[in-house]
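Notes to accompany the following structure.
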DNA sequence: TGGGGTTAGTTTGGCGCTAAATAAAGTCAT
DNA sequence: ATGACTTTATTTAGCGCCAAACTAACCCCA
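Residue numbers (this note's numbering), protein chains in the order written: chain D, 1 to 411; chain B, 412 to 822.
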């Protein structure tokens with residue numbers, strides 16, 4: 001008889017979760033780690049002993065006492081651990097290089113043509129450059145896609161806005177880059193980032209709603225991104241708001257997105273006699289006090305409020321966070337949104353808080369990187385075998401000073 | 412040092428899951444049990460050995476070979492194990508006594524006044540009679556409530572239709588009955604029943620939608636009923652279908668229920684000049700071919716189709732099942748429903764199947780009983796400490812021939 | 001009739017985690 | 001400064017489950 005690796009449902013993921021937690025939350029006591037991971041203190045002591053012996057973790061100063069024995073803080077030995085995140089859009093690829101704690105170390109934007117026959121290879125080259133430029137130990141690459149992804153590990157993509165159908169993004173990138181690659185719907189990547197660095201610190205069940213070209217929604221349940229039976233959960237942009245109505249890009253009529261997506265806002269503005277060619281221009285008009293422009297936003301806000309009330313009724317989250325490229329004009333949405341949202345919520349649910357988050361261009365790509373950095377916490381196994389690889393790399397530590405990947409060798 | 416009960420995330424629930432499976436699915440081979448419970452065959456062998464020794468399980472005949480060694484079927488020694496289920500409504504309580512396999516052994520309806528000051532005590536007496544009448548080993552009692560329940564174990568109820576607010580149903584019943592009591596929203600009980608005896612055999616993520624006085628929706632994700640952050644998930648009856656619209660019982664306007672609930676159907680009929688005092692009468696008119704009555708249903712079907720399309724987009728289930736008191740008239744809903752549902756689904760999601768299930772009056776109460784019978788499979792711990800008690804009683808076996816409870820002794 | 005192939009079930013060693021007891025290191029009040 | 005209380009960390013025994021190797025029992029086909 002021999003080995004046996006028994007993976008008692010939690011799946012040997014606690015050690016990497018400790019490393020991940022120390023990375024994202026900074027120095028933490030054993031007791032706090034145990035509480036944060038919902039694991040017994042005994043386990044932390046034992047696993048920590050091993051991590052200390054292997055030189056991955058070190059003991060730091062004492063924290064001030066809270067009435068009892070003061071806590072001994074634990075910290076990562078080398079924080080030169082990071083991940084690369086990329087967000088693919090219809091005309092460019094944004095790539096960021098982030099550290100474990102979520103700070104962006106580098107950020108580049110490459111022009112990109114998803115319609116080109118070798119588009120995925122081109123994406124591979126872009127990411128290859130990022131891998132070469134990466135300093136320190138690279139855990140893996142996360143890729144955010146505006147479309148449906150079967151699983152993070154296999155990464156087969158269905159993305160109408162890119163013109164991609166049955167595109168094997170994961171497999172191709174993996175073979176050319178030689179590091180773990182995780183592919184996910186872009187909105188879900190934001191949900192993961194929120195779980196690590198945002199709402200997830202205080203809540204476990206929430207919605208992450210994006211407004212912009214389209215309307216999206218990531219659903220986090222008990223700290224895990226809920227993907228649905230076919231990876232298509234949270235497609236609230238296509239919730240029908242009326243029996244008929246404007247035609248949507250998806251082919252149907254009455255979709256939320258067809259009322260309040262960027263294109264719809266511009267159309268609505270045109271109908272009111274405004275001559276705006278971009279949402280920035282429309283927002284500027286509203287900023288300047290133009291009543292028609294403000295009406296456009298107010299109406300959109302009311303529509304969004306009603307839609308989200310419906311989603312809140314079916315999902316029952318603790319809290320809702322709103323962000324996205326369009327969030328800059330939120331002040332103009334709000335007058336329509338607030339009364340509509342609250343007014344359509346059941347009495348007992350009216351208290352559901354919503355949080356507005358500022359937006360910057362890196363956020364999509366940062367979310368994609370968070371995909372990698374979240375694998376240590378991924379109890380549901382959403383990241384599959386690629387997640388396992390990431391955890392292995394985390395345990396392997398810094399390696400030989402530079403951490404450049406040996407291309408090609410990887411399955 | 413001593414005991415230590417290590418509950419490695421799955422929580423020592425496999426043994427009772429074996430018993431539960433043998434009860435609900437009938438005689439099953441070890442290999443099939445392992446597959447059904449997603450547990451290793453080794454575990455089944457070991458635990459089965461114990462259950463055999465304790466006389467709870469026996470080996471039956473061989474099943475015909477499927478090309479290899481033929482399977483030895485396992486069966487429960489005594490199937491006189493059952494549960495009691497009760498559904499509370501505004502004017503009566505339906506109580507059923509069911510066996511492990513879901514067959515109804517007895518069914519009674521008691522008049523009931525939820526507004527009476529001692530209503531919960533009265534409920535306790537009704538259930539006490541059922542406990543006394545129960546033959547064999549009683550695992551516990553499930554109670555279905557048309558309202559929000561905090562947790563199944565504590566059973567604090569918020570039910571406007573009953574006039575109950577902050578009602579400690581669970582605690583009171585538990586203390587007077589001396590057996591485990593699980594309280595849950597009525598729609599969720601149907602979802603649990605479906606998980607044990609219906610869709611759950613073939614699917615793990617689905618919606619259970621009820622039509623009748625109200626419109627409800629139970630959400631099952633990965634085989635577990637999803638309750639939401641505050642136990643209020645699936646309240647699709649109050650999804651707003653328009654910015655304004657008819658006033659709903661919840662106080663808001665435009666709720667789905669205010670369009671297609673029983674009352675709304677009658678109102679709609681009246682507006683079309685029909686003189687119907689009940690939905691039965693309305694359905695009879697439609698059966699007879701009355702065009703106005705049919706229009707009422709067609710319009711309601713279209714509204715329901717649109718609403719469910721929205722829910723499907725946000726939850727992404729494998730399949731949707733429709734049932735409830737109102738399902739008898741489904742043939743009249745369908746002409747409106749089908750085109751509206753499909754037409755509002757995104758192209759990639761249009762294939763989502765929906766299943767219509769017939770209805771009988773016992774179904775609510777049966778679902779409540781299923782709550783108890785499902786605890787062995789409850790990996791998420793929704794049933795809490797009461798679930799643990801149920802599992803203990805399942806292990807305890809038949810006991811002294813009659814299985815009448817020792818009242819009062821129970822916490 | 002006697003090997004492949006296939007499915008069912010068992011044995012064995014051992015991993016991952018836990019609960020409970022215990023030790024360690026402080027705070028606070030009197 | 002002595003004891004009561006708190007909070008942190010470690011030790012210990014052991015449970016639940018698993019993977020891998022193995023045995024068992026049947027089919028099919030030459």
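Ideal Cβ positions, reconstructed from N, Cα and C, are used throughout, including at glycine. Just so we're clear, the structure is a prediction, and the values are computed from it rather than from any experiment.
If you reduce the DSSP assignment to three classes, tell me which class residue i lands in.
i	result
residue 483/B	strand
residue 577/B	strand
residue 908/B	Residue 908/B falls outside the range modelled here, since chain B spans only 412 to 822, and no answer is possible.
residue 536/B	helix
residue 444/B	helix
residue 651/B	strand
residue 354/D	strand
residue 559/B	strand
residue 419/B	Its pLDDT being 41, under 50, residue 419/B is placed unreliably in this model, and the coordinates cannot settle the point.
residue 725/B	helix
residue 543/B	helix
residue 381/B	No information on residue 381/B is available, as it lies outside the stretch 412 to 822 that chain B covers here.
residue 102/D	coil
residue 529/B	coil
residue 796/B	helix
residue 247/D	strand
residue 673/B	helix
residue 28/D	strand
residue 596/B	strand
residue 786/B	helix
residue 522/B	strand
residue 227/D	coil
Please report how far the alpha carbon of residue i lies from the alpha carbon of residue j, in whole angstroms.
i	j	result
residue 651/B	residue 630/B	19 Å
residue 696/B	residue 703/B	9 Å
residue 399/D	residue 379/D	Because the pLDDT of residue 399/D is 44, which lies under 50, any placement of that residue in the model is unreliable, and the number read from its coordinates should be weighed accordingly. Whole-angstrom Cα-Cα distance: 26 Å.
residue 205/D	residue 319/D	7 Å
residue 506/B	residue 589/B	18 Å
residue 403/D	residue 86/D	At residue 403/D, the pLDDT of 36 sits below 50, so the modelled position is not reliable; the number obtained from the coordinates is stated separately. Each residue's Cα considered, the two are about 20 Å apart.
residue 106/D	residue 97/D	5 Å
residue 778/B	residue 544/B	20 Å
residue 395/D	residue 16/D	7 Å
residue 360/D	residue 328/D	10 Å
residue 203/D	residue 221/D	10 Å
residue 611/B	residue 604/B	9 Å
residue 166/D	residue 386/D	20 Å
residue 310/D	residue 713/B	18 Å
residue 821/B	residue 795/B	Below a pLDDT of 50, predicted positions are generally treated as unreliable, and residue 821/B, at 37, falls in that range; no measurement from the model is reported.
residue 298/D	residue 680/B	36 Å
residue 48/D	residue 159/D	43 Å
residue 560/B	residue 457/B	38 Å
residue 242/D	residue 323/D	25 Å
Give me the residue from the options with the minimum Cα distance to residue i.
i	options	result
residue 84/D	111/D, 181/D and 45/D	181/D
residue 164/D	114/D, 143/D, 173/D and 170/D	114/D
residue 64/D	29/D, 54/D and 128/D	29/D
residue 538/B	514/B, 513/B, 503/B and 568/B	503/B
residue 232/D	668/B, 724/B, 628/B and 444/B	724/B
residue 18/D	158/D, 70/D, 77/D and 160/D	77/D
residue 767/B	683/B, 788/B, 737/B and 581/B	737/B
Check the C-beta distance from residue i over to residue j and give it rounded, since I have them as a contact under 8 Å.
i	j	result
residue 261/D	residue 214/D	6 Å
residue 717/B	residue 755/B	5 Å
residue 183/D	residue 143/D	5 Å
residue 726/B	residue 618/B	7 Å
residue 433/B	residue 485/B	6 Å
residue 495/D	residue 52/D	Here chain D covers residues 1 to 411 and nothing more, so residue 495/D does not appear.
Any heavy atom of the ligand GDP closer than 8 Å to the Cβ of residue i?
i	result
residue 476/B	Inclusion of the ligand GDP in the displayed structure is not the case, the ligand content being empty and no account of it being possible.
Validate contact between the segment 273-288 of chain D and the segment 176-195 of chain D using beta carbons, cut 8 Å, 3 pairs: The segment 273-288 of chain D, when compared against the segment 176-195 of chain D, does not touch it at the 8 Å Cβ threshold.
Validate contact between the segment 729-747 of chain B and the segment 763-783 of chain B using beta carbons, cut 8 Å, 3 pairs: Taking a contact to require three or more Cβ pairs closer than 8 Å, the segment 729-747 of chain B and the segment 763-783 of chain B qualify as touching.
The segment 127-141 of chain D in contact with the segment 54-68 of chain D per 3-pair CB rule at 8 Å: Cβ pair count under 8 Å is below three, so no.
Given 8 Å, three or more beta-carbon pairs between the segment 652-670 of chain B and the segment 369-376 of chain D: The segment 652-670 of chain B vs the segment 369-376 of chain D: no contact.
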